[in-house]
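Single-structure report; data block below.
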Amino acid sequence: MTIGYGTRRGKLYYLDWAPDSEVKGGQAFTTSGERDKIWLWHKRLGHASFGYLKKLFPSLFFSLDVSSFQCDMCELAKSHRVPFPLSSNKSLVPFSLVHSDVWGPAKIVTLARARWFVTFIDDCTCMTWVSLLKPKEEVSSRFQQFYQMVKTQFQARIQVLRFDNGGEFLNHDLSQFLQDHGIIHQCSFPYSPQQYGVAERKNKHLLEAVRASLFGANMPRFFWSEAVVSAAYCINRIPSNILNFKTPLQTLHHHIQTPPTPNLEPRIFGCVVFVHLHDHQRSKLDSRVEKYVFIGYAPHQKGYRCYHSPSQKVYTSMDVVFQKHNIYFSAAQEEHCDTNTSQIFNLFPPESSQPESNRSLMTLLENCRSLMTLPENDRSQLESYRSLPENQPQPDMSSPCCPTQEEETDEILPTSETLQLQYHTNHLLRMSFR
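First residue of the sequence shown: 1, per UniProt numbering; consecutive thereafter.
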């Protein structure tokens, strides 16, 4: 009896069932022998999936369902996590659900000694607020400040706070505050970042913008805090596909009557900006502007934040002129600042954990940039102290460093304070590079 016809296609033979013999052919191939063949090929091909075997041997699965085959060894060897379904319960009311996450610690400390930042994201409008932290234990106080800001500025109340299982959130102060104000706190399962994907994706978005801004402007790495705040400012004003190509700020204004928000024209992070000097800041013959670097937008003022590198001060002003195609830092300056400034800042823990006896030494080291501006003679004299052995006693700084009558010369010699600063700096750098 003929139960089918086979045709060769490439190097395989495919069995084409005759229309009048489908039932008989199906019955013939549902024997235990054909099931054994499927298991045999499954093991021969390294426990290949049965769906893949059905593509290779369609004739063997003529009347057999793939779901009827289950291999215990495959379950033991190929187990993986179940994908999380997309959440469809997006909040429709601003601030009814707030996502939060903490990033850090950063390897490089900022000029304000921040190592962490915390984000608060509104689920309805995707508005993002960023707050810098010195120790991450400040999360509790920062959320309380954020809660009061939402209550006062937007006449809204936070109903649910969603975060991970980090210890900075699971503390008594924050738990008591949430309980007193009737706020539900939702924690994710351990090792399940998918459950708070909104905060994770927002941090990824922020850090991508931070890296691009720092790299594009050759900015020293300790400006990461200014870059992340500036990135949040811009993201809140960029259209989003999730919001039907509206900005988070527009969506918030649509739902809630908000106070006027300053919208400054975006500028290139790290570009040169000339800041106008007022009359009391200059004499009649001095320059009327000073060269700064643009580092962001003032959070509570209508003005641009500008950094003056020689004095290491931040100035906020609207009397500015930007040079959008002129970057303040060159690549060489960036490398020099990162190796000579940020690494020294990184030697110390936050101020609160330092003994009082180390405060004066730390103050000297924070001002070590002044060595870059010393006269050439001073710098050549200081070079000799870099080769001092570790066990050599500290130079005597009690007497002023001035020439005797026999050695009287016109050469400018370093002062005792400069030598002491260089001695401590070199000693600590030796310790840090061991």
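The beta-carbon is built from N, C-alpha and C at its ideal position, and this holds for glycine as well.
In this structure, Phe274 is the residue among Gln153, Arg113 and Phe274 with its C-alpha nearest to the C-alpha of Thr316.
Per the DSSP secondary-structure output, Phe322 pairs in a beta bridge with Val273. Gly104 and Thr110 have their C-alpha atoms some 12 Å from each other. In the displayed model, Gln186 falls within a strand according to three-state DSSP. DSSP places Tyr315 in the strand class (E or B) of the three-state scheme. Each residue's CA atom was taken as its position, placing Val130 and Val289 some 32 Å apart. According to the DSSP assignment, Lys54 belongs to the alpha helix (DSSP H) that extends over Phe50 to Leu56. Annotated three-state conformation of Asp122 is strand, per DSSP. Just measuring C-alpha positions, the residue of Arg221, Gln257, His276 and Gly296 sitting nearest Lys151 is Gln257. Under DSSP, Cys306 takes part in a beta bridge, and its partners are Phe294 and Tyr315.
Between the region 302-312 and the region 241-252 there are fewer than three inter-stretch CB-CB distances shorter than 8 Å, so the stretches are not counted as touching.
Of Leu277, Tyr13 and Gln186, the smallest CA-CA separation from Ser287 is found for Leu277. The beta-carbon distance between Val118 and Arg142, rounded to whole angstroms, is 6 Å. This is short enough to meet the 8 Å contact definition. In terms of CA proximity to Arg113, Lys136 leads the group Arg162, Lys136 and Ala232. Gln312 has its alpha-carbon roughly 42 Å from the corresponding atom of Ile183. DSSP places Ser213 inside the alpha helix (DSSP H), whose first and last residues are Gly197 to Ala217. One Cα belongs to Cys187, the other to Ala48, and the distance between them is close to 39 Å. Under the criterion of beta carbons closer than 8 Å, Phe169 and Val139 qualify as touching, at roughly 6 Å.
With contacts defined by Cβ atoms closer than 7 Å, Ala199 and Thr128 do not form a contacting pair. With a 10 Å radius around the Cβ and a threshold of 16 neighbouring Cβ atoms, Asn203 comes out buried.
With fewer than 16 other Cβ atoms inside 10 Å of its own Cβ, Ala77 counts as exposed.
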